[in-house]
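The opening position of the first sequence corresponds to residue 1 in my numbering, with each subsequent residue numbered one higher. Presented below is the structure to which this report refers.
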Amino acid sequence: MNSNELISIHVEGKPMQVPADSTGFKLFTEKNIVALRVNGELKDLSYLLADGDSVEGVALESADGLNILRHSAAHVLAQAVQTINHEAKLGIGPPIRDGFYYDFDVDRPFTPEDLKALEKEMERIIRSGQRFIRRVSSEGEAALELAGEPYKLELIGLKSGSSDVGEASVEVGVGELTIYENFDAKEGVVVWKDLCRGPHLPNTRMIGNGFALTRVAAAYWRGNELNKQLQRIYGTAWPTKEELKAHQVQLEEAAKRDHRRLGAELDLFSFPEEIGSGLAVFHPRGGIIRKVMEDYSRKRHEESGYEFVYSPHVTKANLFETSGHLEWYAEGMFPPLKLDEEIDEDGNVKRQAQDYYLKPMNCPFHCLIYKSQARSYRDLPLRMFEFGTVYRYEKSGVLHGITRARGFTQDDAHLYVARESIEVELTNVLNFVLELLRDYGLTDFYLELSTKEEGNPKFVGDNDIWVEATETLERVATNSGLQLVPDPGGAAFYGPKISVQAKDAIGRTWQMSTIQLDFNLPERFDLEYTAPDGTKQRPVMIHRALFGSIERFFGVLTEHYAGHFPPWLAPVQVVGVPVAVEFSPYLHGIATELRASGVRIQIDDSDERMQKKIRNHTMAKVPYMLIAGAEDQSQGAVSFRFRDGTQINGIPREEAVARILRDIAEKVQV
RNA sequence: GCCGACCUGGCGCAAUUGGUAGCGCAUCGCACUUGUAAUGCGAGGGUUAGGGGUUCGAGUCCCCUGGUCGGCCCCA
């Protein structure tokens, strides 16, 4: 090619003429530009520019740049693994949030010591400054080259077919098949290669020292339980060591908020081994928080037109046969209790056993309540609410403190509504849910709309009601003004839903409330009502839970507040600390007054030194301390100490009392 | 459920190559009676998750069961 020839391109939106043999290296000399975006597609810096290209630089610290960094780190990890263990077979190695992983098929799982050795080897590779070189390959050539890599071969095979490659898209994307070679310029040889669509950093040295290997775990090949488990190594990678450190500090902060840890530290709940996995007991302090949460929820439900119902924890099988749960959900249920079987002397069954099941859901019971009498359109909407405790046989590996348990209590409501009033009812429910979540201190939300997958026969109900309901849900969600994220195909087979995602204090997203339409259960239970024109009509059912489960919500709030529950929820709201015993009666006087208004206050009369008392109650995360000595008592005042360590001395006691009562009533955080 | 790691007084941790269980906090008692995050002294508390095995001897090695943690799969 003649290098005197010029081509016309756009760089960062500006037209430019460059020699025809130019690459990204020519255009971007800034050190932090690690790749290109050419006509919308990510490319290596070594990309040879073509006439008409529109080019932008990808900075290392941008989202794309970080992905490239992390993906390149994954390659270096894989090279390190294969350097140490020649037998290791490669799975896939994509970038993920904050880092990357790579899967390997190895005889022996990796140990923490292996990780240390691998980090060392990675450092060596990074320092040796290998270049990542892209090479286009035909399927046949690639298959030959990667003959020793069965998993890569499978991916090449997939690519030629039309099947979904899922996470493996980092290896074999759309377009041509490419192999990335790690070229050691000093030695002048290709030291390693991997099937990969790229792009990569120009050089391993750019990975720098902001990376770390974090953990090993098993993962099913291509995410399928039926496939072999590979050994996955997770790592984290950042542009600088400082950012790595900051990330590690953040993880530590998150760990301090872990509700399992705080649950023990603050004496809120425990999981006694004697009871069984995933089954919690709430201690008095946790019990208070939970009770306050429930009381407030109850009050708000009452005000909003819900009626309270109760249902038993066990039921005969046939209820769940009717509802269909036994058909498609038996795996998730505790096995049945077999009752009342009678066997004669010859061992023949005289009377068949009755199967009783612990309930995994409340809705079938509510349907029976609906059915207990003939319903008229005048009864609708019928809103039934229950704190219903349910039991689900979650797989042992998924249990997680109080947020994923085998027994938990849903704040469950079922609304039976006429088809024409779905919109009004949904609007009310969504507003109610959001308002209540805000009261509990979650304020940052977005909504997810889960809809039917077109053409999938598993979805029940007429298409027109799906269309109508989905449009209604969308309208309601849009009207809320919150961001709406579509989740196509995510609907349950019986109806579409909106779920409320809430962000906590450190930015993590939790799926909280769900509002779900159900066209199936009314059908199965043959629910109907008499319409104004005298015809029998089928109601639509709305399932909705705000907390999802009280336990889970409790856990989320614990982490959100890092155990610093706002005064209205705090197990102990105020502790009085007398400077010396003689001032205790004075504080008890204030306590009596506050107690009369329902405040949970304790006076610390133990014979610890007051400094120790302050430390104790600070660590117990008590919102307020009232400290009183001679000075305060003579002035009818107290010293007001807040959770963050600040204090105001000499506050008149009426003022302190008023402040506490106001904070509690207004549910403020302090 | 799968893979791996782990389980020592209420909690957090120790215990060289297997050699006969310690520390801090908490608890209890005594003294101290204190002005904003740990007063001092003393005492009690563990058949090392449970069971089995190897060994002269097991917290330490092996097996089973239970539980926990990190992932994977799952979450109607």
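Quick reminder that beta carbons are idealized off the backbone N, C-alpha and C, glycines included. The structure displayed is predicted, hence computed values, not measured ones.
Counted within 10 angstroms of its Cβ, other Cβ atoms place residue i as buried (16 or more) or exposed
i	result
T29	exposed
E149	buried
R378	exposed
R108	exposed
T509	exposed
W466	buried
D607	exposed
S549	buried
L415	buried
T111	exposed
P15	exposed
S297	buried
D194	buried
R609	exposed
Own chain residues within Cβ distance below 7 Å of residue i, not counting five before or after
i	result
I125	V76, Q79, A80, T204
H301	F385
S311	N362, F365, E386, G388
V11	L27, V55
G305	R383
L60	N32, V34, L69, P239
A683	Nothing in the structure corresponds to residue 683, since the chain is present only between 1 and 670.
A591	G576, I601, I603
F432	S304
Under the three-state DSSP convention, the category residue i falls into
i	result
K299	helix
W510	strand
D182	Correcting the residue identity first, residue 182 is Asn in this sequence and not Asp. In the structure shown, N182 sits in a strand (DSSP, three-state: E or B).
I275	coil
S163	The pLDDT assigned to S163 is 49, lower than 50, so where the model puts this residue is not dependable; a value taken from the coordinates is nonetheless given after this. Three-state result, S163: coil.
D53	coil
A374	coil
I664	helix
N85	coil
I409	According to the sequence displayed, residue 409 carries Thr and not Ile. Note: T409 maps to strand in three-state DSSP.
S62	coil
A491	coil
E139	helix
P95	strand
D114	helix
P19	strand
V309	coil
M384	strand
A330	helix
G100	Reading off the sequence, residue 100 comes out as Phe, not Gly. DSSP places F100 in strand when its eight states are reduced to three.
F25	helix
Anticipated Cβ contact below 8 Å, residue i with residue j, distance rounded
i	j	result
H200	D44	6 Å
G210	G99	With 8 Å as the limit, G210 and G99 do not qualify as a contact, their Cβ atoms being about 11 Å apart.
A628	V638	5 Å
H564	K621	5 Å
G24	S8	Rounded, the Cβ-Cβ distance is 16 Å, inconsistent with contact.
V476	Y446	Incorrect: roughly 15 Å between the Cβ atoms, too far for contact.
V314	Y356	5 Å
heavy atom of the ligand HEM below 6 Å from residue i C-beta
i	result
Q130	Of ligands this structure carries none, so the ligand HEM is not represented either.
Neighbourhood of residue i by C-beta, 6 Å cutoff - its chain only, sequence neighbours within 5 removed
i	result
K613	V577, D604
S162	For S162, the predicted structure reports a pLDDT of 48, less than 50, and the residue's modelled location is therefore unreliable. A value from the coordinates is still provided. Taken in chain order, the list of residues that qualify is empty.
W568	I664, K667
I648	F640
Q511	S499, Q501
P95	N67, R70, H71
R544	A413, V429, I515
H588	I603
K452	F459, W466, A491
Nonlocal neighbours in the same chain, by C-beta distance under 8 Å from residue i, ignoring five residues either side
i	result
L399	S277, G278, A405, R406
F525	T322, S323, P364, C367, L368, Y370, K371
H259	G401, I402, T403, F554, G555, V556, T558, E559
K536	E528, Y529, T530
V670	P566, P567, P623, Y624, F642, R643, D663
L380	Y416, V417, A418, S421, Y529, P539
Quick check for students: name the residue ranges of the alpha helix (DSSP H) that lie wholly in the region 578-646, counting only runs of 4 or more.
If one requires a minimum length of 4 residues, the alpha helix (DSSP H) runs lying completely within the region 578-646 are 584-596, 610-619, 630-635, in chain order.
Which ranges would you report for the beta strand (DSSP E) in the region 539-580 if only whole runs of at least 3 residues count?
Counting only runs of 3+ residues, the beta strand (DSSP E) found wholly inside the region 539-580 occupies 540-545, 574-578, in chain order.
Residue ranges of each alpha helix (DSSP H) run of no fewer than 4 residues wholly in the region 224-300, ordered along the chain?
The alpha helix (DSSP H) runs of length 4 or more contained entirely in the region 224-300 are, from start to end of the chain, 241-257, 259-265.
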